[in-house]
Amino acid sequence: MTVHSSPTTFADRHIGARRQSDIDTMLKAVGYDTLDGLVDSAVPDSIRQDKPLTLESALSEVQVLAELRKLAGKNKMAVQMIGQGYYDTVTPPVIRRNIFEAPAWYTAYTPYQPEISQGRLEALLNFQTMVQDLTALPVANASLLDEATAVAEAVLLMRRANKSKTAKDGKTVLDADLLPQTIAIVLGRAEALGFEVEIADLTAGLPDGDINGLVLQQPGVSGRVWDQSAVIAEAKDRGALVTVAADLLALTLITPPGEQGADIAVGSTQRFGVPLFFGGPHAAYMAVRQGMERTLPGRIVGVSKDDAGVPAYRLALQTREQHIRREKATSNICTAQALLAIVSSFYAVYHGPDGLKAIAETVHNNARALASTLKVAGRELVSDSFFDTLTVRVPGKAAKVITAAEARGINLRLVDADTVGVSVDETTTPEVLSAVAVAFGAGPVASGEGFELPESVLRTSSYLQHPVFNTHRSETQLLRYIRRLSDRDLALDRTMIPLGSCTMKLNATAEMEAISWPEFASIHPFAPDSQTTGWRELIAGLEADLAEITGYDQVSIQPNAGSQGELAGLLAIRGYHHSRGEAQRNVCLIPASAHGTNAASAVLAGMKVVVVATAADGTIDHADLEAKIEAHKDVLSAIMITYPSTHGVYDSDVREVCDAIHAAGGQVYVDGANLNALVGLAQPGKFGGDVSHLNLHKTFCIPHGGGGPGVGPVAAKAHLAPFMPGDANKAAHEAGHGVAISASRFGSAGVLPISWAYVKLMGGQGLTEATKSALLAANYVAARLDEHFPVLYTGETGLVAHECILDLRELTARTGVTAEDVAKRLIDFGFHAPTLSFPVAGTLMVEPTESEDLAEIDRFIEAMITIRKEIDQVAAGDFTVEKSPLRNAPHTAAAVVSSDWDRTYPREQAAFPVASLRQDKYFPPVGRIDGAAGDRNLVCSCPPLSEFEN
């Protein structure tokens with residue numbers, strides 16, 4: 001008799017504990033007979049959805065990739081010469097395959113545990129060095145989200161850093177030649193925060209009045225390059241600070257902002273090897289003059305040393321992280337575009353200073369040749385001084401030129417009825433230049449003379465002289481450098497990353513495959529709609545699926561990080577209240593346990609934060625909530641709650657909280673960070689939420705990329721729909737639309753095929769099974785570890801949601817062993833640590849996710865139990881905490897083989913605390929890093945560690 005097995009579904013690949021025997025083992029430990037019984041007990045009836053998700057049936061990987069091919073085929077490929085901050089570029093194949101498409105790089109988490117992040121930290125330090133050199137400013141961060149929002153961050157930085165008595169409360173002046181999307185973003189932020197912005201043609205000098213900060217563009221959106229040193233000097237004489245939004249490739253030829261006297265430089269690194277991606281993800285940069293580093297938003301990679309005195313990288317000034325500063329935060333930036341910053345940094349490593357300059361000269365010379373041809377034909381240029389972009393006056397004929405170019409497969413920029421923009425990039429060929437000339441009624445193009453950059457703007461200083469940018473010239477060298485750095489790190493391709501609140505789950509290869517297809521990756525964000533049908537169908541489909549999953553009426557995927565989704569949701573609430581004549585409603589209630597970016601986003605949305613106390617069991621303190629509502633009922637704007645709570649439990653009273661806020665005239669913001677515990681079981685839009693942001697880089701499988709890309713869609717009920725994010729490339733406050741949140745209409749569209757594919761591969765049933773499996777995994781960990789590390793919070797039925805908090809405070813008080821000691825000791829077992837001391841100091845928050853199999857979860861449990869035995873050894877006096885393997889963790893290979901081993905525990909215990917490690921052992925490249933020393937001695941550039949090793 002032939003036995004036919006059921007075909008394996010994608011859900012069987014995605015969910016780790018899929019065998020019934022494994023499920024039964026886990027259920028037995030938790031004390032339940034069935035998975036549905038566990039779920040029914042854990043999830044309150046009051047929030048359960050009453051019907052299954054109405055999504056399409058799950059597709060196979062082959063079917064999903066075929067559907068993606070159809071969608072890709074609906075996009076029309078063209079030569080992209082629109083410019084406006086976005087340029088076609090060549091991603092060197094060695095970088096594309098070995099970084100962008102390599103799970104060792106794209107599955108890594110933000111490098112908060114630096115001992116296991118030395119590779120990506122070095123790559124990010126290379127990024128900072130690249131930015132510092134090209135801008136001629138001494139301090140840079142390790143990336144921001146996009147150029148427009150980076151300028152907004154710079155404006156806010158100038159407003160808080162300017163101490164001039166006359167200028168500190170002055171207006172912000174924007175150069176009229178800024179990118180239009182940048183102007184729209186700054187105007188939106190300014191309107192919420194209530195400061196004045198003036199747009200002026202700065203070639204005519206500064207406007208009258210007190211000026212807090214000035215923003216220039218170099219080159220301008222028109223392409224104009226000019227000596228800005230005089231206007232910068234005048235602004236500084238009047239007490240203003242100055243920001244220049246600069247093109248890094250142009251800075252290989254023209255005077256950098258730092259040498260012209262600017263305080264801040266910002267911009268995009270997209271054209272350094274990162275595809276257009278229909279608008280993102282692209283890493284922005286920010287660099288500042290000395291003295292401003294401690295107010296710089298984002299992350300800074302610096303250098304400290306480990307316990308053996310070896311130099312080691314870490315994120316410096318970590319106390320500036322917005323999770324910690326909350327309502328005192330000066331920025332809500334959390335996710336950055338780390339993976340794309342790493343790609344850009346390797347692009348500079350690949351080409352070196354000479355290669356970058358050669359690219360820039362080729363681009364500039366091609367633009368000059370086109371300009372000469374157009375001028376001979378009688379076409380008027382807006383500026384004769386340019387780098388790569390020409391703005392051409394063709395009175396009454398702009399549309400005709402655009403159409404003629406499109407007929408030749410080329411997209412140009414329609415500035416207005418009389419003006420066309422043309423941007424040259426490294427992919428532009430002589431044939432393309434001639435086709436453009438013909439579209440203007442000129443040509444063909446021949447190499448021409450003239451249009452040299454004026455001497456006053458030419459760069460004379462050197463850049464990228466560091467050996468890292470001058471060593472890896474052959475592909476063999478570069479490939480080995482990339483491999484050497486990735487081997488220093490722990491990412492999801494090697495080990496479980498049990499981070500609470502961060503949901504480090506499978507990023508399936510089939511989900512990732514389409515994002516580098518040219519039909520998706522090579523589309524300009526401002527390409528005509530007729531060329532982007534496939535993109536817009538994919539996005540509309542994903543938005544519809546997310547609306548069904550969350551129970552909301554509308555979704556916008558524009559926000560390019562969770563923090564930006566928070567801001568978008570709060571601005572929608574603000575717009576709603578203002579539309580009803582209730583502009584006085586500006587108080588946002590936030591529980592003490594909430595994610596730190598909640599409070600930071602509320603401040604940026606122009607709201608006043610009022611903290612609500614947390615009860616002993618981890619729930620919202622209802623007495624305090626009622627008192628705060630009563631005290632602020634006339635000015636109450638919203639409450640921000642995370643559900644399940646940040647403490648990892650389903651609060652059964654969430655509907656009561658929502659009803660109380662609504663009764664007082666407020667709106668309910670449900671933070672979607674923990675949606676992995678709700679999908680298919682409960683919908684925030686149905687149990688009381690008015691608006692939520694989602695984290696596609698958590699619940700919906702976009703990989704974390706070492707700290708980004710992230711996507712934070714905002715989902716809202718119908719009454720908030722008119723205030724959802726607007727299009728920054730159109731009118732800043734177009735009727736019926738809210739404030740633009742990111743530079744491009746669809747944010748980081750380039751990574752959306754990942755989440756689209758995940759939803760299609762799983763279907764409604766698979767997504768629901770994933771949620772149930774996540775609950776089972778977390779409760780299994782909690783049940784197995786509770787006797788060793790007490791679980792701090794549980795729900796009314798004694799269960800947790802998708803994560804649990806392990807309480808080490810009593811152990812710390814008794815033995816001196818800290819949660820950080822446990823986190824560092826886990827490295828010796830080959831694990832990334834759980835979330836350390838958030839949301840409760842002295843604890844570890846564990847989220848195993850549904851993607852981990854029982855064997856890996858048991859390996860983690862074994863590690864934690866072994867660590868508890870070592871803590872007991874400290875308690876028993878076998879060794880002091882200072883001389884224990886916990887305090888001396890992690891142990892490097894060099895430490896273990898050292899001939900002067902003098903520790904009070906054997907080498908075997910240090911390196912191989914469990915037998916399984918003898919087969920597959922990860923040794924960190926450095927020992928425990930001295931964080932305090934790193935903050936005291938902030939260093940923003942240094943040689944690669946390999947130079948110290950030599």
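Numbering (UniProt numbering), first residue to last: 1 to 950.
C-beta atoms are modelled at their ideal positions from N, C-alpha and C, and glycine is treated no differently.
None of these values were measured; they are calculated from a predicted model.
Beta-carbon spacing of residue i, residue j below 7 Å
i	j	result
Ala740	Ala184	yes
Ala446	Ala377	no
Gly596	Gly738	no
Pro534	Asn75	According to the sequence shown, residue 534 is Gly rather than Pro. A contact, by the Cβ cut-off of 7 Å.
Thr252	Leu137	no
Leu339	Tyr106	yes
His693	Gly712	yes
Val215	Phe387	no
Thr904	Gly927	no
Ala782	Asp828	no
Gly85	Glu153	no
Pro518	Gly747	no
Through-space distance from residue j to residue i, alpha-carbon basis
i	j	result
Thr389	Met286	23 Å
Gly188	Val266	19 Å
Ile264	Thr243	5 Å
Met496	Ala819	19 Å
Thr619	Ile116	34 Å
Gly606	Ala583	11 Å
Gly261	Ile254	14 Å
Asp12	Pro93	33 Å
Asp634	Gly665	8 Å
Leu193	Ser345	34 Å
Ala933	Ser304	6 Å
Asp858	Glu847	14 Å
Gly239	Ile211	7 Å
Phe10	Ala757	11 Å
Ser143	Pro281	12 Å
Arg19	Ala855	12 Å
Phe912	Val139	41 Å
Ser501	Gly298	20 Å
Gly450	Ser385	10 Å
Helix, strand or coil at residue i according to DSSP, with G and I counted as helix
i	result
Ser501	coil
Pro218	Per the sequence shown, the amino acid found at residue 218 is Gln instead of Pro. Here Gln218 sits in strand by DSSP.
Asn126	helix
Val800	coil
Ser434	helix
His323	Here His323 scores only 48 on pLDDT, less than 50, and its place in the model is too uncertain to base an answer on.
Leu696	coil
Tyr643	coil
Arg97	helix
Cβ neighbours of residue i in the same chain (closer than 6 Å, five flanking residues each side left out)
i	result
Gly816	Val881
Phe700	Ser755 and Tyr758
Ala638	Ile573, Cys588, Gly666, Gln667 and Tyr669
Asp88	Gln80, Asp425 and Thr427
Leu412	Met81, Ile402, Ala405, Val420 and Val422
Ala732	In this prediction, Ala732 has a pLDDT of 43, which is less than 50 and means its spatial position is unreliable; what the coordinates show is noted afterwards. Counting only Cβ-Cβ distances below 6 Å, and skipping sequence neighbours, we find Ala184 and Leu187.
Element boundaries [alpha helix (DSSP H), containing residue i]
i	result
Leu542	Thr533 to Thr550
Pro180	Pro180 to Leu193
Ile629	His622 to His632
Gln290	Neither: Gln290 is in no alpha helix (DSSP H) and is coded neither H nor E.
Thr812	Arg809 to Thr815
Sequence-distant residues of the same chain with beta carbon closer than 8 Å to residue i, five excluded per side
i	result
Ser579	Pro722 and Phe723
Thr812	Thr818, Ala819 and Gly842
Same chain, Cβ closer than 7 Å to residue i, five either side skipped, listed in chain order
i	result
Asp418	Arg393, Val394, Pro395, Gly396 and Ala398
Thr8	none
Ile99	Trp105, Ile342, Val343, Phe346 and Ile482
Endpoints, beta strand (DSSP E) assigned at residue i
i	result
Pro353	No beta strand (DSSP E) contains Pro353, which is instead part of the alpha helix (DSSP H) from Ala338 to Val376.
Gln554	Gln554 to Ser556
Val62	Here Val62 belongs to no beta strand (DSSP E); instead the alpha helix (DSSP H) covers Glu61 to Gly73.
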